[in-house]
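Enquirer:
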Amino acid sequence: MSLRCAVAGLNRGATFVKLLQENEHCEVVAVCDARPQKLEEHAGMEGFTDFDQMLEAAQPDLVAIITPGPAHAPQSLAALNAGAHVLVETPNVYSAEQARAIVSLTRERGLKYMLAEDYIYMGWCGRLAEVVAAGTLGEIIGGMAEYTHDCRPVRPLSAAAAQHAQSWRFTDLPPLAYSSHTLGPLLQLMGDRCINATGIVGGRQEVAGVELFPLETAILQTEGGRTISLTNGFMLSHPFIWCAALYGTEGSIRVINTDYGDPQALRVLISTDEERGWRDWPMGWHERADGRNHLQVMVDDCVQAVIDDTAPPFDEARSMDFCLPGVLAHESAKQGGARLEVPLF
């Protein structure tokens, strides 16, 4: 069986073109980007500047949506309506209403929908999964994560003007809406989901006519009775850092990365009742035990689910588990910290 595939968004999406081409079941027949010069980089594929026109003309079986965040949900719905399976990057939704619409349409059409949450496919997450499964940490009772990255269009931020408000990361990226890179791995390692969310915001301000939320923290309660705290920030003076922790009854573990592209920037610390005190646990960031590229494995898993007509590793419900609690925590922060229920799909 050969799948006609399309990729929308050709910045990071160019990588997805190659990943799909590497899969024996896929033929990339169309690419889409609002910038004609980007289409020229993919000779031999039908190019479109309009997403809906691409769906109508190319009639793809599978669409990888790697466009700016605010387009993800509308384009996912359009692709599902056109009968295409969807692989979409984070943030996949910006509201509970969008989540409900996508889940409902995916099930109504009998299609596959998967969030491209690649952090779960990285080597470090696989190693932690082995530790959790072995019971080394005892029962996991909670988790913590932070993802902070200076994405300011100009420094200081107060100097931003109208021309800086052209980027969606400036205008449409509430920090907690981009939570799946931290929340996704934690929930996957716990085998859990969130049932309510509370958020607070620090430094809320208006700059160049845009309301900004520089730093946000979420407190999440899970179905399994665990607590998770998340802190995300993008419009602030803080170099990249990604860190996470699992708290157990017999041990705890922390993962800290200060440079996404540098394997030497990763540090993992573990302490257990049998061997108390923090000690380094060397491991790779991207490098998997099977030696495969983590992005390729993710794409191949999605494709195989379509071929076999089975649920993808993160189906439409699980994909919402990874993103929607953060979205609702942001809404909570806007409402002064109201406790909001996370829908169960």
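Using my numbering, read the sequence shown as starting at 20 and increasing by one per residue. Backbone N, C-alpha and C fix where the C-beta goes; we use that ideal spot for every residue, glycine too.
Where do the ends of the alpha helix (DSSP H) carrying GLY304 lie?
Expert: For the sequence presented, residue 304 should be read as Trp rather than Gly. Counting along the chain, TRP304 falls outside any alpha helix (DSSP H), and DSSP gives it neither H nor E.
Enquirer: Buried or exposed: which applies to GLN94, given that a residue is buried once 16 or more other Cβ atoms fall within 10 Å of its Cβ?
Expert: When all chains shown are included, GLN94 counts as buried.
Enquirer: Classify ALA237 as helix, strand or coil using the three-state DSSP reduction.
Expert: ALA237: strand per DSSP, three-state reduction.
Enquirer: If I measure Cβ to Cβ from GLY28 and keep anything under 6 Å in the same chain, skipping five residues before and after, which residues do I get?
Expert: Closer than 6 Å at Cβ, skipping near neighbours: ILE85, THR86.
Enquirer: Out of ALA352, THR246, GLY218, VAL325, which one is the CA nearest neighbour of MET133?
Expert: The shortest Cα separation from MET133 among ALA352, THR246, GLY218, VAL325 belongs to VAL325.
Enquirer: Counting pairs of beta carbons, one from the region 204–221 and one from the region 343–359, are three or more of them closer than 8 Å?
Expert: These segments touch.
Enquirer: Residues bridged to GLU165 by DSSP?
Expert: Partner(s): THR250, CYS262.
Enquirer: With DSSP collapsed to three states, give me the class of LEU206.
Expert: Note: LEU206 maps to helix in three-state DSSP.
Enquirer: Figure out for me which residue from ALA308, ALA264, THR277, GLY310 has the closest Cα to the Cα of LEU156.
Expert: Of the candidates ALA308, ALA264, THR277, GLY310, the one whose C-alpha sits nearest the C-alpha of LEU156 is ALA264.
Enquirer: Does DSSP put GLN224 in a helix, in a strand, or in coil?
Expert: Three-state DSSP puts GLN224 in a strand.
Enquirer: Would you kindly report the start and end of the unbroken beta strand (DSSP E) that includes ARG273?
Expert: Segment 270–276, the beta strand (DSSP E) holding ARG273.
Enquirer: Give every residue of the same chain whose Cβ lies closer than 8 Å to the Cβ of SER177, excluding the five residues on either side of it in the sequence, and list them in chain order.
Expert: VAL226, listed in sequence order.
Enquirer: Does the distance from the C-beta atom of SER248 to that of ILE260 stay below 7 Å?
Expert: Their beta carbons are not under 7 Å apart, which means SER248 does not touch ILE260 by this criterion.
Enquirer: Buried or exposed for GLU75, going by 16 or more other Cβ atoms inside 10 Å?
Expert: So GLU75 ends up on the exposed side.
Enquirer: To the nearest angstrom, report how far apart GLU158 and GLY355 are at their CA atoms.
Expert: Each residue's Cα considered, the two are about 33 Å apart.
Enquirer: Considering only DSSP beta bridges, list what ILE84 is partnered with.
Expert: In the DSSP output, where bridge partners are listed per residue, ILE84 has ALA27, VAL107.
Enquirer: How many angstroms separate the CA atom of ALA184 from the CA atom of LEU195?
Expert: Between ALA184 and LEU195, the C-alpha separation is close to 20 Å.
Enquirer: What's the gap between the Cα of ALA135 and the Cα of ARG295?
Expert: About 37 Å.
Enquirer: Can you give the beta carbon distance from ASP299 to GLY270, rounded, assuming they're within the 8 Å contact cut?
Expert: That pair is no contact at about 15 Å.
Enquirer: I need the boundaries of the beta strand (DSSP E) containing LEU285, first residue and last residue.
Expert: First-last of the beta strand (DSSP E) with LEU285: 285–291.
Enquirer: Measure the CB-CB distance between THR109 and ALA164 and report whether it falls below 7 Å.
Expert: No. Outside cutoff.
Enquirer: Since THR68 contacts ASP52 with CB under 8 Å, what's their CB separation in whole angstroms?
Expert: Right, their Cβ atoms sit about 7 Å apart.
Enquirer: Who are the near neighbours of PRO332 in its chain, counting only those whose CB is closer than 6 Å to its CB and skipping five residues on each side?
Expert: These residues qualify, in order along the chain: ASP320.
Enquirer: For ASP278 and MET339, what's the separation of their Cα atoms in angstroms?
Expert: Taking the straight line joining both Cα atoms gives about 28 Å.
Enquirer: Excluding the 5 residues flanking ILE139 on each side, which residues of the same chain have their C-beta closer than 6 Å to its C-beta?
Expert: Cβ within range, chain order: GLY203, PRO204, GLN207.
Enquirer: I'd like the span of the alpha helix (DSSP H) that includes GLY142, first residue to last.
Expert: Counting along the chain, the alpha helix (DSSP H) containing GLY142 begins and ends at 142–152.
Enquirer: Is the Cβ-Cβ distance between GLY66 and VAL50 less than 7 Å?
Expert: The answer is yes: Cβ separation under 7 Å.
Enquirer: At which residues does the beta strand (DSSP E) containing VAL67 begin and terminate?
Expert: Note that residue 67 is Phe in the sequence shown, not Val. Where PHE67 is concerned, the enclosing beta strand (DSSP E) stretches over 65–67.
Enquirer: Using DSSP with H/G/I as helix, E/B as strand and the rest coil, what is ASP299?
Expert: If DSSP states are grouped into helix, strand and coil, ASP299 belongs with the strands.
Enquirer: Can you give the beta carbon distance from LEU81 to LEU99, rounded, assuming they're within the 8 Å contact cut?
Expert: So it is not a contact: roughly 11 Å between Cβ atoms.
Enquirer: Give the secondary structure of ASN100 by DSSP, where H, G and I count as helix, E and B as strand, and everything else as coil.
Expert: In this structure, ASN100 counts as helix in the three-state DSSP scheme.
Enquirer: Buried or exposed: ALA179, going by 16 or more other Cβ atoms within 10 Å of its Cβ?
Expert: Under this definition ALA179 is a buried residue.
Enquirer: Within a Cβ cutoff of 8 Å, which residues of the same chain sit near VAL322, ignoring the five residues on either side of it in sequence?
Expert: Cβ within range, chain order: LEU22, LEU39, ASN42, HIS44, CYS45, LEU81.
Enquirer: Using C-beta distances below 6 Å, list every residue in its chain close to THR236, excluding the 5 sequence neighbours before and after it, in chain order.
Expert: Taken in chain order, the residues that qualify are ILE219, THR250.
Enquirer: Can you tell me whether DSSP reads LEU359 as helix, strand or coil?
Expert: Here LEU359 sits in strand by DSSP.
Enquirer: Please state whether the Cβ-Cβ distance between VAL26 and ALA83 is less than 7 Å.
Expert: Yes.
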